[in-house]
Amino acid sequence: MLKNMCSEDYIKLEDEIGAQTYSPLNLIIERAEGIWLYDINGNKYLDCTSAFSSVNQGHCHPGLLEVFIKQAGEMTQISRALRNTQLPLFFKEITAITGKEKVLPMNTGAEGVETAIKLARKWAYTVKGIEKDKAEIIVCERNFHGRTTTVISFSSNEAYKDNFGPLTPGFKIIPFGDIKALENAITPNTCAFLTEPIQGEGGVQVPPEGFLKQAENLCRENNVLLMLDEIQTGWGRTGKMFAHQYENVDPDVLIVGKSLSGGFYPVSAVLADSKIMDLFKPGEHGSTFAGNPLGCAVARKAMEVLQEENLAENAATQGDYLMEKLKTVNNPHIKEVRGKGLFIAIELDEPARPYCDKLLEKGVICKETQKNIIRIAPPLIITREQVDFLFTNLQDVFNR
Ligand SMILES: *Cc1c(COP(=O)(O)O)cnc(C)c1O
281 MLKNMCSEDY
291 IKLEDEIGAQ
301 TYSPLNLIIE
311 RAEGIWLYDI
321 NGNKYLDCTS
331 AFSSVNQGHC
341 HPGLLEVFIK
351 QAGEMTQISR
361 ALRNTQLPLF
371 FKEITAITGK
381 EKVLPMNTGA
391 EGVETAIKLA
401 RKWAYTVKGI
411 EKDKAEIIVC
421 ERNFHGRTTT
431 VISFSSNEAY
441 KDNFGPLTPG
451 FKIIPFGDIK
461 ALENAITPNT
471 CAFLTEPIQG
481 EGGVQVPPEG
491 FLKQAENLCR
501 ENNVLLMLDE
511 IQTGWGRTGK
521 MFAHQYENVD
531 PDVLIVGKSL
541 SGGFYPVSAV
551 LADSKIMDLF
561 KPGEHGSTFA
571 GNPLGCAVAR
581 KAMEVLQEEN
591 LAENAATQGD
601 YLMEKLKTVN
611 NPHIKEVRGK
621 GLFIAIELDE
631 PARPYCDKLL
641 EKGVICKETQ
651 KNIIRIAPPL
661 IITREQVDFL
671 FTNLQDVFNR
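Numbering (my numbering), first residue to last: 281 to 680.
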């Protein structure tokens with residue numbers, strides 16, 4: 281082992297041995313706490329990525345850490361071949377918070393999406409009466425639902441799917457937020473419409489007001505399932521516990537992940553009412569780690585923290601405040617500032633990376649998405665003073 285490794289040593293090791301599927305910023309984090317990240321050179325950064333919104337509760341939340349350590353000392357992995365004391369309580373609490381009757385736990389977001397697709401297809405053949413293997417699911421351009429072979433099959437991003445074929449059939453892509461396009465795309469073979477309420481990786485794309493409600497109505501009229509991927513928009517990020525609550529929408533299938541475990545452990549879940557979820561029978565779906573007691577204990581606490589600390593409310597308050605201030609920034613290259621809660625994007629008419637690099641020098645970590653969009657999504661525990669610190673630095677970098 282190398283002693284006293286410096287940044288360059290870590291970078292060299294990682295890049296020489298690891299598959300190059302990311303292009304990370306070149307700083308080596310060794311500690312994280314709340315909204316802050318600390319690198320090995322003693323620098324401190326405000327984290328505006330929240331690890332893709334998987335630590336809405338803040339890094340290493342002390343309450344979560346306590347539960348994690350306690351549970352790890354009692355039992356960690358009990359497969360679904362047996363029962364455990366954590367799983368039923370997790371089920372009770374996640375159905376209470378989402379308002380759905382039933383839940384199916386998984387680990388990663390992409391697995392949750394895969395699960396929802398299987399559920400929609402089974403519903404298509406056994407309930408709606410669509411001819412075997414003809415079911416279609418409508419999705420949106422610029423979607424992001426994960427990286428498995430089926431999920432990339434309906435991505436509109438070439439880099440995600442080029443050379444990874446043959447791709448899974450059965451998907452139709454429409455422009456995001458275009459209700460007419462959705463109406464035209466529905467056929468008797470359509471079993472589901474799958475969308476993010478606000479597209480995350482697509483660059484914090486907010487659909488026209490009313491789109492989700494209109495989509496829900498169209499789905500109901502045509503006997504089509506509305507499946508919402510709230511893996512990134514859920515758990516308070518947009519200023520409500522779930523983004524669909526802004527339009528009083530009731531999805532048939534809800535997919536959650538990321539901050540469901542506050543960054544301690546991968547936990548995702550698919551939620552639906554009994555009439556849909558009960559279509560799954562023993563032996564038809566599963567995962568070795570899904571529903572394990574360590575994940576369940578952490579997820580239970582993660583949901584409790586969101587509620588007890590009113591993090592959705594804080595996201596709304598601080599997000600509105602930051603958005604108002606951002607709109608005063610004077611820079612001809614800013615095309616739009618948009619978002620909801622603490623899910624904010626600054627879209628530029630030029631590359632965003634140089635701005636991110638300058639922000640990094642000031643101790644603020646923002647990572648560009650879609651080349652020209654800066655996403656601002658700090659942990660939801662951020663205070664007014666910390667938002668002021670963040671804004672001052674953004675202003676310094678953007679003001680001309
Ligand atoms: C991150 C994300 C996923 C995939 O989750 P993983 O845990 O990375 O598999 C799916 N959908 C949305 C909207 C996401 O943001």
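Glycine residues also receive a C-beta, built at the ideal position from the N, C-alpha and C atoms.
field: Between the CA atoms of A592 and I656 - distance to the nearest angstrom
entry: 16 Å
query: Would the beta-carbon of T429 fall within 8 Å of that of T406?
result: no
message: Going by beta-carbon coordinates alone, are A595 and G516 separated by less than 8 Å?
response: yes
- request: To the nearest angstrom, report how far apart F473 and L506 are at their CA atoms.
  value: 5 Å
task: Tell me whether G445 is buried or exposed, calling it buried when 16 or more other Cβ atoms sit within 10 Å of its Cβ.
output: exposed
query: Between which two residues does the beta strand (DSSP E) harbouring L384 extend?
result: 382-386
query: Straight-line CA distance for D327 to A312?
result: 9 Å
- prompt: Assuming F544 and Q357 make a contact with CB atoms under 8 Å, what is their CB distance in whole Å?
  reply: The pair is not a contact, with the Cβ atoms about 15 Å apart (cut-off 8 Å).
- prompt: Pick from K647, I653, E588: whose alpha carbon is nearest that of V617?
  reply: I653
task: Enumerate in chain order the residues of its own chain whose CB-to-CB distance from H613 is below 6 Å, with the five nearest sequence positions on each side excluded.
output: L628, D629, E630
query: Between which two residues does the alpha helix (DSSP H) carrying R402 extend?
result: In the sequence on display, residue 402 carries Lys and not Arg. Residues 389-403.
message: Do P573 and Q337 have their beta-carbon atoms positioned less than 8 Å apart in this structure?
response: no
query: Looking at M386 and S567, is the spacing between their C-beta atoms short of 8 Å?
result: yes
field: Residue range of the unbroken alpha helix (DSSP H) whose run includes A299
entry: That residue, A299, is in no alpha helix (DSSP H); it is neither H nor E in DSSP.
task: Just the C-alpha distance for Q666 and P342, rounded to the nearest angstrom, thanks.
output: 19 Å
field: T467 burial status per 10 Å Cβ neighbour count (16 or more: buried)
entry: exposed
query: Which residues share a DSSP beta bridge with G619?
result: I624
- request: Would you check if the distance between the CB atom of R422 and the CB atom of Q366 is smaller than 8 Å?
  value: no
- prompt: Taking the beta strand (DSSP E) that I535 falls in, what are its first and last residues?
  reply: 533-536
field: Given A552 as reference, the closest of I374, Q300, Y302, E294 once Cα atoms are compared
entry: I374
message: Quick check on this structure: which residue in D295, D600, E588, K555 has the alpha carbon closest to the alpha carbon of K380?
response: K555
message: Can you look up R360 in the DSSP assignment and give me helix, strand or coil?
response: coil
task: With hydrogens ignored, establish whether the beta-carbon of A579 is closer than 7 Å to any heavy atom of ligand 1.
output: no
query: Considering only residues of the stretch 502-561, which uninterrupted beta strand (DSSP E) runs meet the minimum length of 3 residues and lie entirely inside it, listed in chain order?
result: 505-509, 533-536, 548-552
- request: Tell me where the beta strand (DSSP E) around I656 begins and ends.
  value: 653-656
query: What residue range is occupied by the uninterrupted beta strand (DSSP E) comprising D676?
result: Counting along the chain, D676 falls outside any beta strand (DSSP E), though it belongs to the alpha helix (DSSP H) covering 664-678.
- request: Go to T740, then tell me how far its beta strand (DSSP E) extends in each direction, as first and last residue.
  value: For the chain, the structure presents residues 281 to 680; residue 740 sits outside this window and is missing.
field: Straight-line gap, D532 to S541 (C-alpha atoms, nearest Å)
entry: 23 Å
task: With a threshold of 16 other CB atoms inside 10 Å of the CB of C646, please say whether the residue is buried or exposed.
output: buried
- prompt: Does the Cβ of D509 have 16 or more other Cβ atoms within 10 Å, making it buried, or fewer, making it exposed?
  reply: buried
task: Within 10 angstroms of the Cβ of E288, are there 16 or more other Cβ atoms? Answer buried if so, exposed if not.
output: exposed
- prompt: Just checking my contact of P659 with L670 at CB under 8 Å: how many whole Å lie between their CB atoms?
  reply: In fact, because the Cβ distance is near 12 Å, the residues do not count as touching under 8 Å.
field: Burial state of R401 (16 or more Cβ within 10 Å)
entry: buried
query: For I511, is the beta carbon positioned less than 7 Å from some heavy atom of ligand 1?
result: yes
query: Can F451 and I410 be called in contact, C-beta distance under 8 Å?
result: no
query: What distance in whole Å lies between the Cβ atoms of G519 and K620, which are believed to be in contact at a cut-off of 8 Å?
result: 6 Å
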